[in-house]
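Q: In the numbering used here, the protein residues as written are 595 to 1011. Here a beta-carbon is modelled for each residue, glycine too, at the ideal position from N, C-alpha and C.
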Ligand SMILES: Cc1cc2nc3c(=O)[nH]c(=O)nc-3n(C[C@H](O)[C@H](O)[C@H](O)COP(=O)(O)OP(=O)(O)OC[C@H]3O[C@@H](n4cnc5c(N)ncnc54)[C@H](O)[C@@H]3O)c2cc1C
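#1: Look at residue 780 and residue 747 and say whether their C-beta atoms are less than 8 Å apart.
#2: For residue 651, count the other beta carbons within 10 Å of its own beta carbon; 16 or more makes it buried, fewer makes it exposed. Which is it?
#3: Quick check: the Cα distance between residue 857 and residue 775, rounded to an integer number of angstroms?
#4: Please state whether DSSP places residue 922 in a helix, a strand or coil.
#5: What do you get for residue 701, buried or exposed, if any count of 16 or more other CB atoms within 10 angstroms of its CB means buried?
#6: Taking 7 Å as the cut-off, is the C-beta of residue 996 nearer than that to any heavy atom in ligand 1?
#7: Can you tell me whether residue 804 is buried or exposed? The criterion is at least 16 other CB atoms within 10 Å of its CB, across all chains shown.
#8: With a threshold of 7 Å (Cβ to nearest heavy atom), would residue 757 be considered close to ligand 1?
#9: Run the proximity test for residue 999: is its beta-carbon closer than 7 Å to any non-hydrogen atom belonging to ligand 1?
#10: Is it true that the CB of residue 840 sits closer than 8 Å to the CB of residue 753?
#11: Considering only heavy atoms of ligand 1, does any lie closer than 7 Å to the CB of residue 993?
#12: Touch check for the segment 889–903 and the segment 984–998: three-plus C-beta pairs under 8 Å?
#13: Give me the Cα-Cα distance between residue 1078 and residue 630, rounded to the nearest whole angstrom.
#14: Report all residues from its chain with a CB closer than 7 Å to the CB of residue 844; omit the five preceding and five following residues, and keep chain order.
#15: Closer than 8 Å by C-beta to residue 852: which residues in its own chain qualify, once you throw out the five before and the five after it? Chain order, please.
#16: In this structure, what does DSSP give as the bridge partners for residue 782?
#17: Is residue 705 closer than 8 Å to residue 742 when the C-beta atoms are compared?
#18: Going along the chain, which residues of its own chain have a beta-carbon closer than 6 Å to the beta-carbon of residue 896, five neighbours each way excluded?
#19: From which residue to which residue does the alpha helix (DSSP H) around residue 549 run?
#20: What does DSSP give as the partner residue(s) for residue 773 in the beta ladder?
#21: Verify the contact flag: residue 744, CB atom, against every heavy atom of ligand 1, threshold strictly below 7 Å.
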């Protein structure tokens, strides 16, 4: 893939039109006035039939799994030899809204991605058939809001090592086969508003040392006794993505809430496969913010006059614009490669996915910081919007694995070959 095709450009223009009409006028409300982002996101899904498409895909997968459960031959998942253009097209169509929204409000994509991709996706990939039918569809259509909670006050990059939230097998006969959970999670996207939460914790078993405890995951619902969801934190950026804490005090859960129906279904490997998925999405977010910074800067460099000439006539400013274009081209090519790989049914190695995330986050931070510089004093003002891009960019170097963790992942993968 070397460029967006005609149909993709048409969809991009339609989504761009929607964002400019429906999102941009609401930016102050969702970024600074505490208005939750979900109504705007739902409107977008409905406008473009994305909720109906999610339902269609959901129904197909459930029909296949029900047929299998009845012991019937499941309707064959279409297997295509060679390049699967439909799969590539679907990947492109997933990227376009991410890019278009992130040009103005990266937080919206974070809130949407965690709810639909991480929470809904975890249930669809690892949940039992019953769990999929009970919880997944409203998350995939954003009718309900989802959160995915692994981080804790003392366990971030070392998510499993320092994890203190524990599930203990319940001895209460009224909750036979169930668990009692205690602990706390922090920096949880959608935490304040989540209807359903994928909670990743450790299993507290007699005689098992803390370092050897199993990782288990549960699906929790808002309002369960003992579960408290904090108010949104005040943050540096992505304020259109609410982030908060979860407190768990003797939360009793039945075995029906154990993700995948067993203590081994969604453990360390399950949570790690989610890291990979997140890393690929970050490149699309970075591309959007770099693209937008460049557009704003080119325009400003042509029109802002100092010393009797547009600032764009200065080589120092030209160098900044040129470096932005280098980053934009690289990120664009990474996205095209990702879509092409999906078409060929190939996976990125951990090193490549991590390298893409590391480059994307650093390039985005560098470009957006330079964008503020190109704008001078105006760049420091909220109305110029480049300051928001800079604040929003910083999170890309922190969540979904910090820059330092990406370096470690790349090096480990390379050195293990
Ligand atoms: C806005 C926002 C949204 C988030 N959303 C979610 C969410 O939805 N769900 C969720 O579970 N979590 C979420 N997080 C948490 C996020 O994943 C963590 O913040 C991240 O993993 C880093 O962990 P930490 O903050 O504890 O930093 P730490 O792990 O304490 O790291 C501090 C610094 O030390 C560095 N460091 C740590 N270990 C090493 C090492 N071995 N070598 C070199 N350097 C090292 C780190 O790179 C970093 O620079 C979110 C965070 C934010 C800010």
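A: Quick answer:
#1: In the chain shown, the residue the question calls residue 780 occupies position 186. In the chain shown, the residue the question calls residue 747 occupies position 153. Yes, Cβ-Cβ distance for residue 780 and residue 747 is below 8 Å.
#2: For the purposes of this step, residue 651 is identified with residue 57 of the chain shown, where counting begins at 1. Result: exposed.
#3: In the chain shown, the residue the question calls residue 857 occupies position 263. In the chain shown, the residue the question calls residue 775 occupies position 181. Taking the straight line from one Cα to the other gives about 14 Å.
#4: For this step, residue 922 is matched to residue 328 along the chain shown. Residue 922 falls in the helix class under three-state DSSP.
#5: Translated into the one-based positions of the chain shown, residue 701 becomes position 107. Buried: at least 16 other Cβ atoms inside 10 Å.
#6: Here residue 996 refers to the residue found at position 402 of the chain shown. Yes - ligand 1 has a heavy atom lying nearer than 7 Å to the Cβ of residue 996.
#7: Residue 804 sits at position 210 when you count from the first residue of the chain shown. It is exposed - the Cβ of residue 804 has fewer than 16 other Cβ atoms within 10 Å.
#8: As a working mapping, residue 757 is identified with position 163 in the chain shown. No, the Cβ of residue 757 stays beyond 7 Å of every heavy atom of ligand 1.
#9: Taking the first residue of the chain shown as position 1, residue 999 is located at position 405. Answer for residue 999: yes, Cβ within range of ligand 1.
#10: The sequence position of residue 753 within the chain shown is 159, counting from 1. The sequence position of residue 840 within the chain shown is 246, counting from 1. No, these two residues do not count as a Cβ contact at 8 Å.
#11: For the purposes of this step, residue 993 is taken as residue 399 along the chain shown, with counting starting at 1. Yes - ligand 1 has a heavy atom lying nearer than 7 Å to the Cβ of residue 993.
#12: no
#13: Because the chain spans 595 through 1011 in this model, residue 1078 falls outside it and cannot be assessed.
#14: The residue labelled residue 844 in the question sits at position 250 within the chain shown. Around residue 844: 774, 776 and 820.
#15: The count along the chain shown starts at 1 and reaches residue 852 at position 258. Same-chain partners within the cutoff: 773, 810, 811, 812 and 859.
#16: What you label residue 782 is simply residue 188 of the chain shown in a count that begins at 1. Partner(s): 838.
#17: Looking up residue 742 in the chain shown gives position 148. Looking up residue 705 in the chain shown gives position 111. Their beta carbons are not under 8 Å apart, which means residue 742 does not touch residue 705 by this criterion.
#18: Along the chain shown, one-based indexing puts residue 896 at 302. Cβ within range, chain order: 904 and 906.
#19: Here the chain covers residues 595 to 1011 and nothing more, so residue 549 does not appear.
#20: On the chain shown, residue 773 is found 179 positions in, with the first residue counted as 1. 763 and 847.
#21: Within the chain shown, residue 744 is the residue found at index 150, counting from 1. Residue 744: yes, Cβ under 7 Å from ligand 1.
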